[in-house]
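Protein chains in written order, with our numbering: chain A, 288 to 636; chain B, 516 to 652. Here is the structure we will look at, set down as structure tokens.
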Amino acid sequence: MRTLIAGMTAAAVAIGAFMLSPAMVDACAGLIGSNGAVNLGRTTTLAGYSNGVEHYVTSFEFQGGGGQFGTLIPLPGVPTKVERGGAWTLQRLVRETDPPPDLLSAGAAFDEAAAPRSAKVLLEARVDALDLTVLEGGGPAVAEWAQEHGFRLSPDAPEVLDFYASRSPIFLAAVFDGEAAAARRQQLGDGTPVHLTIPTDNPWVPLRILALGKQLDDRVEADVYLLTDGVPALLPDGGEGLRVAHSDEATQSLLDDLRADDGMGWVPEQAWLTKVEIDARAGDLRYDLAVDTTEARSPSMLDAGLDFSSLHAEEGSAASVAFVVIAVVVASFAVVLLVQRWNSPMEPL
Amino acid sequence: MNPAFLAIALLAALASIAASDCERARPPSAERTIEIAYSKFEPPFVTVPAGVPVTFVLRNDDPIEHEWIVGTDDVHARHRTGTEPYHDKVATEVTLPAFSERTTTVTFEEAGEYHYICHLPGHEGYGMTGVVRVVGD
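Here is the structure:
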């Protein structure tokens, strides 16, 4: 937190003595609960992408122990590391794009900032009272695993899990250990930040999963922060339920603050910060956020979950190849039989 | 023509006509298959004859459990607040574990429309409903 406080102190020069008062220090400390928990008003996620590695930081809200409160998150690849997320990263991002009104009025001082039948467990980790399991498997296999581990799946789960598994069969299952949470004096609503490091050349952020288990007319509200080497091309980049609320070069103070947080040393010296706000009817949130940071600037329709035809085309071409192979084998077999028959002495009629 | 051959041909023709009449007199097929995929019944609408035992083949292709409960509005009202975790005692109430198939035979004595619904939490609201239309003669 050293750099964050340093940044705030620098800002205080501009906004006066108020910033140096104990009240401000309390407010800053209030970003993190006494048990290390975070509290955010809405689902907030950071997807950082740099040098072919996606850093996915999100917070799991404690709603009670046991599988019935578990969460499943589809991932674009297999994480190499699952660890506790930075203590203030998500809150700091919120402050960057949505500073408290008093700070705004004080002079915008913070303007600076086919699966296998059974799911295969690839990785297990424990973060505070949260048990995390990285799974590989198709939608049905992951659903089976989840139910065996006490998850109560909602009726939309079969379709939503297939929606993801057809593109990436990797899922993260997160469930709180109720006893461990109680021992940590974790309160309902307290969040545990988790950081996943995922090497991938194909970054995307799961959004549709946020509507899992909700009624069709329920609202889904979430903030997704993207930290990329350059200006990202997004799909969708706006429209019903999705709005790009911030798109600008990340301020040096933000990058310094983030880099000073636990496990955030990967944050580059320069980056582009994008904030995407989701405010959608659950029934309409049937897409993900595809990101392209290459010069092609062409995020994938498939990654956004908007068009599966390329996937089907691949399946079709694979089927065609299989058909050709079978046809060649059958033809070869027929030729061999013909040759054998040709070479054998003619039977008398 | 050989009289014996003629008699056999006549008998065969009569038998064929009789079989054809039996075919017409037989009630409509009394088996219906209802599949479940992505928490939806398919088909969501079936027609069956009144007073005839109808065998329902219920196939759950989903990785989660479902129910098939058919009956009057009163039956559904009871199940909306019911707490029975498993149904296998009554022909009109069937629990379908993930990836399972169950067969049940029901006779609807009176013509009318009977809904079939999955009463697991949230499933009816998600659209897991269908209708059996029972038609008389």
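Idealized CB from N, CA, C, for every residue including glycine.
Note to self: Less than 7 Å between CB atoms is the rule here; does residue 612 of chain B satisfy it with respect to chain A?
What the structure shows: no
Next item on the list: Could you name the residues of the same chain whose beta carbon sits closer than 7 Å to that of residue 551 of chain A, not counting the 5 residues immediately before and after it, in chain order?
Entry: 373, 376 and 545
Check: Would residue 344 of chain A pass as a contact of residue 333 of chain A if the rule is Cβ separation under 7 Å?
Finding: yes
Notebook entry, point to check: Residues of chain A with a CB under 9 Å from the CB of residue 554 of chain B: which are they?
Noted result: Contact of residue 554 of chain B with chain A by beta-carbon distance below 9 Å involves 441, 442, 443, 444, 445 and 446.
Margin query: The beta strand (DSSP E) that contains residue 547 of chain A, what's its start and end?
Written below: Residue 547 of chain A -> not in any beta strand (DSSP E); alpha helix (DSSP H) instead, spanning 539-547.
Checklist line | Secondary structure of residue 559 of chain A, DSSP reduced to three states | finding: strand
Note to self: Quick check on DSSP: helix, strand or coil for residue 622 of chain B?
What the structure shows: Strand at residue 622 of chain B.
Next item on the list: Could you tell me if residue 361 of chain A is buried or exposed, where buried requires 16 or more neighbouring beta carbons within 10 angstroms of its beta carbon?
Entry: buried
Margin query: Per DSSP, what are the beta-bridge partners of residue 615 of chain B in this structure?
Written below: B:575
Next item on the list: Please classify residue 640 of chain B: does DSSP put it in a helix, a strand, or coil?
Entry: Coil, per DSSP.
Notebook entry, point to check: So which residues of chain D does residue 641 of chain B contact, with C-beta pairs closer than 7 Å?
Noted result: Absence of chain D from the displayed structure is noted, the protein chains being A and B.
Check: Could one say the Cβ of residue 578 of chain B lies closer than 7 Å to chain A's Cβ atoms, at least one of them?
Finding: yes
Next item on the list: Whole angstroms is fine: what's the gap from residue 451 of chain A's alpha carbon to residue 426 of chain A's?
Entry: One C-alpha to the other measures close to 8 Å.
Checklist line | Enclosing alpha helix (DSSP H) for residue 448 of chain A [first to last residue] | finding: Its alpha helix (DSSP H) spans residues 444-452.
Notebook entry, point to check: residue 586 of chain B by DSSP, collapsed to three states: which one?
Noted result: strand
Check: Any idea if residue 583 of chain A is buried or exposed, counting beta-carbon neighbours within 10 angstroms, 16 or more meaning buried?
Finding: exposed
Notebook entry, point to check: Which class does residue 582 of chain A belong to by DSSP, given the choice of helix, strand or coil?
Noted result: coil
Note to self: Taking only three categories from DSSP, how would you classify residue 533 of chain A?
What the structure shows: Residue 533 of chain A: strand per DSSP, three-state reduction.
Notebook entry, point to check: Any C-beta of chain A sitting closer than 7 Å to the C-beta of residue 644 of chain B?
Noted result: no
Check: Out of A:417, A:490 and A:429, which has the shortest C-alpha to C-alpha gap to residue 335 of chain A?
Finding: A:490
Notebook entry, point to check: Got a sec: is the Cβ-Cβ distance from residue 597 of chain B to anything in chain A below 7 Å?
Noted result: no
Check: What did DSSP end up calling residue 566 of chain B once you bin it into helix, strand or coil?
Finding: DSSP places residue 566 of chain B outside both helix and strand once states are collapsed to three, so it counts as coil.
Notebook entry, point to check: Does the distance from the CB of residue 563 of chain B to the CB of residue 646 of chain B come in under 7 Å?
Noted result: No, the Cβ-Cβ distance between residue 563 of chain B and residue 646 of chain B is not below 7 Å.
Next item on the list: Taking only the alpha-carbon atoms, compute the straight-line gap between residue 586 of chain B and residue 579 of chain A and give it to the nearest angstrom.
Entry: 53 Å
Margin query: Strictly below 8 Å CB to CB, what residues from chain A border residue 638 of chain B?
Written below: Contact of residue 638 of chain B with chain A by beta-carbon distance below 8 Å involves 442.
Note to self: Pull the bridge partners of residue 488 of chain A from the DSSP assignment, please.
What the structure shows: Bridge pairing for residue 488 of chain A: absent [DSSP].
Margin query: Taking 7 Å as the threshold (C-beta atoms), are residue 579 of chain B and residue 608 of chain B in contact?
Written below: no
Item checked: Burial state of residue 424 of chain A, where buried means 16 or more other Cβ atoms lie within 10 Å -> buried
Next item on the list: Measure the alpha-carbon distance for residue 456 of chain A versus residue 627 of chain B and round it to whole angstroms.
Entry: 46 Å
Next item on the list: Determine the burial state of residue 600 of chain B: buried for a count of at least 16 other Cβ atoms within 10 Å of its Cβ, exposed for fewer.
Entry: That one is exposed.
Notebook entry, point to check: Which of the three DSSP states, helix, strand or coil, is assigned to residue 346 of chain A?
Noted result: Three-state result, residue 346 of chain A: strand.
Check: In or out: residue 586 of chain A buried (at least 16 other Cβ within 10 Å) or exposed?
Finding: buried
Next item on the list: Spell out the partners DSSP gives residue 556 of chain B in its beta bridges.
Entry: B:551
Notebook entry, point to check: Are there 16 or more other CB atoms within 10 angstroms of the CB of residue 507 of chain A, so buried, or fewer, so exposed?
Noted result: buried
Next item on the list: Assign residue 511 of chain A to buried or exposed, taking buried as 16 or more other Cβ atoms, counted over all protein chains shown, within 10 Å of its Cβ.
Entry: Around the Cβ of residue 511 of chain A, a 10 Å sphere holds 16 or more other Cβ atoms; the residue is buried.
Notebook entry, point to check: Cα separation between residue 496 of chain A and residue 573 of chain A?
Noted result: 9 Å
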